[in-house]
Every structure is written in structure tokens, then in C-alpha cells.
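Enquirer: Got a structure for you, questions after.
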DNA sequence: GTCTATACACCGATAGAC
DNA sequence: GTCTATCGGTGTATAGAC
């Protein structure tokens, strides 16, 4: 059992090196733009030469892929941490959930670009890196199911609304709150469209 | 007077060359991705060498900028052409207007990426190229004003909703209609939020 | 005026020495 | 593991052909 999970000294050292490279890559992306990362720049930030990175990552795309997975795993963690703290009121729970996702995305524009836009030509996330993204959406579906909403089209409408607010905020008012302050109103508008009861604590009950 | 507007033979020839290069650039972008355009590829498509492009465009960014302006001018043309054909019913007018914009964006993913996402590191549209984009939004504000809506926050909510539907359609169901078929429902949801009357032909009249 | 040839610095990636 | 050396390809500047 231990042999399976325990990591050797080499493995941990290797993992730490990978992590250092990833951090440097995020820094480079935030400084010069996601699509403007260069391996020479990343290598210099960790005190290496560019070819040495190839021992840790098989290609530049693999580096992007690791960043993608890291971002979505971080997002999933934020969302699951929220599960225990959601209020009983459906609308208030929705508002808090939306706010958490909105803030997470707006907080790091470059991360959001990698997570939610296909802007790197030729980059396609691996199944492993994509898994936490699927899990985030699945978790949200379960939340809605608990609120009595199982309308798939309604969920699609919600994702469009939320991602639209995030994109507009980042594209047209970065650092501001012009769309951030519309979030509650948007969620309520959608909740009304979904026939979610207005305020009471209890969930809707189908006849 | 004629001297002012008429174009010399050289000007027209130059304009035609620029247009040929732009078309080749669009082709290259659709084939390899917007951010993966190379000047050598574009030049080859028009039967030139890469450095020759520099007589027509001062830089690669200027090429992107011309494409950006072309895309938004085309979008503005589609929208203004619509003005004369909008139905009297506010909701039906809104639905038709939204559909025209949605279709225009979804019809060409690469064009949409250039118009509405900041995915090319270092590219910032010039004031001249940005002007028709502003005009499209202004025209929409005027349309809403005619419908009795002057709520700026409401307009922001609308742009978020519409752009969100477009992005989701392109990102998660390219070539399909999973979000396209939600468009009317979304517009109606927003119209209700804006207290737009349900069906009658006449516009709302403020006291 | 319109384009080509040449050149340069930088890119991702590979081979092989240590 | 990390290095040096190197490859083909990139955007771009410039000199000069016609």
C-alpha cells in the first residue's frame, strides 16, 4: 500500500522542479501574454537553459496542458470548498456560487483565457487536464438538481449568462466592477426564468 | 471635387493588392488559427515574398488591425441593413436583431476571435479600426431607446448575455445549435427583466 | 513605386557530451 | 539532469533591382 502512494525522494524533487517551472510559466504569461510565453524566458526564470525544460515537459504544449489542468483543479477546489457553506435559500445559494466562480475567473485574466478560451493555436487539453473542468460543471448540475432544476437547456442558458458577464468584465472593464455588480441581478433574472421560488428556505416540491 | 474622391489608377491598384493580402490572411487564419498566421504563408498565397508585404502593411500587427476593422465594418453593415426591416413589435425586433448578430459571429469563428477576444499578444486595435465596433454598440443603444429602454446597466446585461451565448456555442458546440436555439428564450428573459411589454405592436409610452 | 535578396535576432525542438 | 551546439522557421529591417 505504502509503495503505491508514497513518493520517493527523486519523485518529490522532480515534482517540485515541475512546480517551479509552472510558476515561472504563469509569471511569464501574466507579464507578456499567454500566447507570448517563450521557453527561453521560462527557463531563465528558474535558472535553467531552455532545452533543459524538455526533461520535465515533452513540449511547450505539454506545459500549457499542465497549466490548464492546474487552473481547473484549483477552480474545482474553490467550488467544492463552497459546498459546505452554501445557504439554504436557493437564490442565495445560487448567488454565492456564481459570485465564487465569477471572482475566481476575473481574479486572473490570463488563467481565465487559458481555461475558457481556445486562443492558443494547436492547443487541445488532454483528457486528464480536462477532467476537473467537467467535474466543475457536474458539481453545478448536482447543485441545481438539489434546487429542483433539471432543465438541461436552462443550465446551458446559465453557463452562457455567467461566462458572458465574466468575459465582458475582463474585456471591457478590466480591474473595474461594471459587470461584477450586475451578477446578482443576472442570477435572479435567470432564477425567475427557471421558476425558482423567490425567497423561502424550503425547496420547490413537484406534485 | 473629383480630385478629392476619385482614386487614381495607382490607388485602386494598391487598394486591390491590400484586399488580396487581407483575403489571403483570412484564409491562412481559418486554416492554421488566428495566432498562427505567418507572413511567409500569406505572401505565398498572393504570389509574393514575405518582405514585399511590408510595402502594403507596415507590420504584422497592422495586418491584424486591418482585418479587425474589416470585420467590424462588415458587422456594422449587416446591422444597419437590418434597421429598415425590423418589425414593429419590440420583442420581435429584439429577437431579429439578436439573431442577426449571433449568426454573424458564429458564422466565422476566427473572425469572432479577432473581433471579440484579445487573444493576440500585443495587438491593440487602432482608433480607426475600433470605430465601427463602437458604432455597432451605439446603433443598438439607439434601437433600445426607441423601444423605451435607456437603462445602461440593462444594456450591459444584454451584451453579456448575447456574447455569452455566442462564446458557448462556438467553444462547446461548434457547428451545432445547442446555444443558438436558446437565443429567443434568452432575449425574452432579458426583455421581461427590462419590463418590456409582452406582444403589442405599439411602443411603451412614458407618462 | 513595387518588389526581391539578404541578413539578423529570436523561436521551439533535437542530439549528444558530461 | 543539465549543458552546449545546432536545426529549420519566424517577424522584421534594409539595400537595391527594375
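Chains as they are written, first to last, in my numbering: chain A, 1449 to 1655; chain B, 1449 to 1655. Glycine residues also receive a C-beta, built at the ideal position from the N, C-alpha and C atoms.
1. Does the beta carbon of residue 1562 of chain A come closer than 8 Å to any beta carbon on chain B?
2. Rounded to the nearest angstrom, what separates residue 1552 of chain B and residue 1508 of chain B at their Cα positions?
3. On the three-state DSSP scale, how would you describe residue 1654 of chain B?
4. For the candidate residues B:1511, B:1482 and B:1459, whose alpha-carbon lies nearest to that of residue 1469 of chain B?
5. Kindly say whether residue 1515 of chain B, judged by its beta-carbon, lies nearer than 8 Å to any beta-carbon of chain A.
6. What residues of chain B sit near residue 1587 of chain A, judged by a beta carbon separation below 8 Å?
7. Apart from the five residues just before and just after residue 1581 of chain B, which ones in its own chain have a Cβ nearer than 7 Å to its Cβ?
8. Within 10 angstroms of its Cβ, does residue 1577 of chain A collect 16 or more other Cβ (buried), or is it exposed?
9. Check whether the stretch 1629 to 1648 of chain A touches the stretch 1589 to 1608 of chain A, counting contact only when three or more Cβ pairs, one atom from each stretch, lie closer than 8 Å.
10. Express the C-alpha separation of residue 1459 of chain A and residue 1500 of chain A in angstroms, rounding to a whole number.
11. Locate the alpha helix (DSSP H) running through residue 1516 of chain A, then write down its first and last residues.
12. Compute the Euclidean distance between the alpha carbons of residue 1651 of chain A and residue 1600 of chain A, then round it to the nearest angstrom.
13. Using a Cβ cut-off of 9 Å, pull out every chain A residue sitting near residue 1483 of chain B, in sequence order please.
14. Is it true that the CB of residue 1539 of chain A sits closer than 8 Å to the CB of residue 1625 of chain A?
15. Of the choices B:1564, B:1585, B:1505 and B:1489, whose alpha-carbon is the least far from that of residue 1618 of chain B?
16. May I ask you to verify whether the stretch 1514 to 1533 of chain A touches the stretch 1603 to 1615 of chain A, counting CB pairs closer than 8 Å and requiring at least 3?
17. Do you know how far the Cα of residue 1489 of chain A is from the Cα of residue 1506 of chain A?
18. For residue 1495 of chain B, tell me which candidate among B:1484, B:1526, B:1523 and B:1465 has the shortest Cα-Cα distance.
19. What's the gap between the Cα of residue 1402 of chain B and the Cα of residue 1513 of chain B?
20. Once you ignore the five residues that flank residue 1613 of chain A on each side, which residues in its own chain have a CB closer than 7 Å to its CB?
21. Checking 8 Å against the spacing of the C-beta atoms, do residue 1481 of chain A and residue 1570 of chain B come in under that value?
22. Any residues in the stretch 1475 to 1502 of chain A with a beta carbon nearer than 8 Å to a beta carbon of chain B? Which ones, in chain order?
23. Chain B beta carbons: is any one of them nearer than 8 Å to that of residue 1641 of chain A?
24. In angstroms, rounded to a whole number, what distance separates the CA positions of residue 1477 of chain B and residue 1476 of chain A?
25. Jot down the residue ranges of each uninterrupted alpha helix (DSSP H) in the stretch 1472 to 1508 of chain B, minimum 4 residues, whole runs only, in chain order.
26. Could one say the Cβ of residue 1624 of chain B lies closer than 8 Å to chain A's Cβ atoms, at least one of them?
27. From residue 1559 of chain B to residue 1456 of chain B, what distance separates their C-alpha atoms?
28. So that I know if they touch, is there some Cβ in chain A lying closer than 8 Å to that of residue 1658 of chain B?
29. Residues in the same chain with beta-carbon distance under 7 Å from residue 1542 of chain B, minus the five sequence neighbours each way, listed in chain order, please.
Expert: Walking through what the data contain:
1. Mapped onto the first chain, residue 1562 of chain A falls at position 114. Residue 1562 of chain A does not count as touching chain B.
2. Within the second chain, numbered from 1, the residue matching residue 1552 of chain B stands at position 104. Within the second chain, numbered from 1, the residue matching residue 1508 of chain B stands at position 60. Between residue 1552 of chain B and residue 1508 of chain B, the C-alpha separation is close to 25 Å.
3. Within the second chain, residue 1654 of chain B is the residue found at index 206, counting from 1. With a pLDDT of 45 at residue 1654 of chain B, under the threshold of 50, the modelled position of this residue cannot be trusted; read the value that follows with caution. Here residue 1654 of chain B sits in coil by DSSP.
4. The residue given as residue 1469 of chain B occupies position 21 in the second chain. Comparing Cα-Cα distances from residue 1469 of chain B to each of B:1511, B:1482 and B:1459, the minimum goes to B:1511.
5. On the second chain, position 67 is the one that residue 1515 of chain B refers to. With 8 Å as the cut-off, residue 1515 of chain B does not count as an interface residue toward chain A.
6. Taking the first residue of the first chain as 1, we reach residue 1587 of chain A at position 139. None at all; the shortest Cβ gap to chain B is about 17 Å.
7. Reading the second chain from its first residue, position 133 is the one you call residue 1581 of chain B. Taken in chain order, the residues that qualify are 1520.
8. If you number the first chain from 1, residue 1577 of chain A lands on position 129. Residue 1577 of chain A should be labelled buried.
9. yes
10. By 1-based counting over the first chain, the position of residue 1500 of chain A is 52. By 1-based counting over the first chain, the position of residue 1459 of chain A is 11. Between residue 1500 of chain A and residue 1459 of chain A, the C-alpha separation is close to 17 Å.
11. Taking the first chain and counting its residues from 1, the one referred to as residue 1516 of chain A is at position 68. Where residue 1516 of chain A is concerned, the enclosing alpha helix (DSSP H) stretches over 1508 to 1531.
12. The residue you call residue 1651 of chain A lines up with position 203 of the first chain. The residue you call residue 1600 of chain A lines up with position 152 of the first chain. Only weak support is given to the placement of residue 1651 of chain A: the predicted model assigns it a pLDDT of 47, under 50, and the question is left unresolved by the model.
13. Position 35 of the second chain, counted from the first residue, corresponds to residue 1483 of chain B. Those within 9 Å of residue 1483 of chain B in chain A are 1483, 1567, 1568 and 1569.
14. Position 177 of the first chain, counted from the first residue, corresponds to residue 1625 of chain A. Position 91 of the first chain, counted from the first residue, corresponds to residue 1539 of chain A. No. Outside cutoff.
15. Taking the first residue of the second chain as position 1, residue 1618 of chain B is located at position 170. With distances taken between Cα atoms, residue 1618 of chain B lies closest to B:1564.
16. no
17. In the first chain, residue 1506 of chain A corresponds to position 58, counting from 1. In the first chain, residue 1489 of chain A corresponds to position 41, counting from 1. Using only the alpha carbons, I get a separation of about 17 Å.
18. Counting from 1 along the second chain, the entry for residue 1495 of chain B is found at position 47. Ranking B:1484, B:1526, B:1523 and B:1465 by Cα distance to residue 1495 of chain B puts B:1465 first.
19. The structure shown does not extend to residue 1402 of chain B, since chain B is modelled only from 1449 to 1655, so the question has no answer here.
20. Taking the first residue of the first chain as 1, we reach residue 1613 of chain A at position 165. Scanning its chain for C-beta atoms nearer than 7 Å, with the 5 sequence neighbours on each side dropped, one finds around residue 1613 of chain A the residues 1550, 1627, 1630, 1631 and 1634, in chain order.
21. Residue numbering aside, residue 1481 of chain A sits at position 33 when the first chain is read from its first letter. Residue numbering aside, residue 1570 of chain B sits at position 122 when the second chain is read from its first letter. Yes; because the gap between Cβ atoms is below 8 Å, this pair is in contact.
22. Near chain B, meaning a CB-to-CB distance below 8 Å, the residues of the stretch 1475 to 1502 of chain A are 1480, 1481, 1482, 1483 and 1484.
23. In the first chain, counting from the first residue as 1, residue 1641 of chain A sits at position 193. Closer than 8 Å to some Cβ of chain B, the Cβ of residue 1641 of chain A qualifies, so yes.
24. One-based indexing of the second chain puts residue 1477 of chain B at position 29. One-based indexing of the first chain puts residue 1476 of chain A at position 28. So the two alpha carbons sit approximately 25 Å from each other.
25. Within the stretch 1472 to 1508 of chain B, the complete alpha helix (DSSP H) runs of at least 4 residues fall at 1487 to 1493 and 1501 to 1504.
26. Translated into the one-based positions of the second chain, residue 1624 of chain B becomes position 176. No, its Cβ sits nowhere closer than 8 Å to a Cβ of chain A.
27. Counting from 1 along the second chain, the entry for residue 1559 of chain B is found at position 111. Counting from 1 along the second chain, the entry for residue 1456 of chain B is found at position 8. Computed Cα separation, rounded: 31 Å.
28. Examination of residue 1658 of chain B is not possible in this model, given that chain B is present from 1449 through 1655 alone.
29. As a working note, residue 1542 of chain B is residue 94 in the second chain. Excluding sequence neighbours, residue 1542 of chain B sits near 1635 and 1639.
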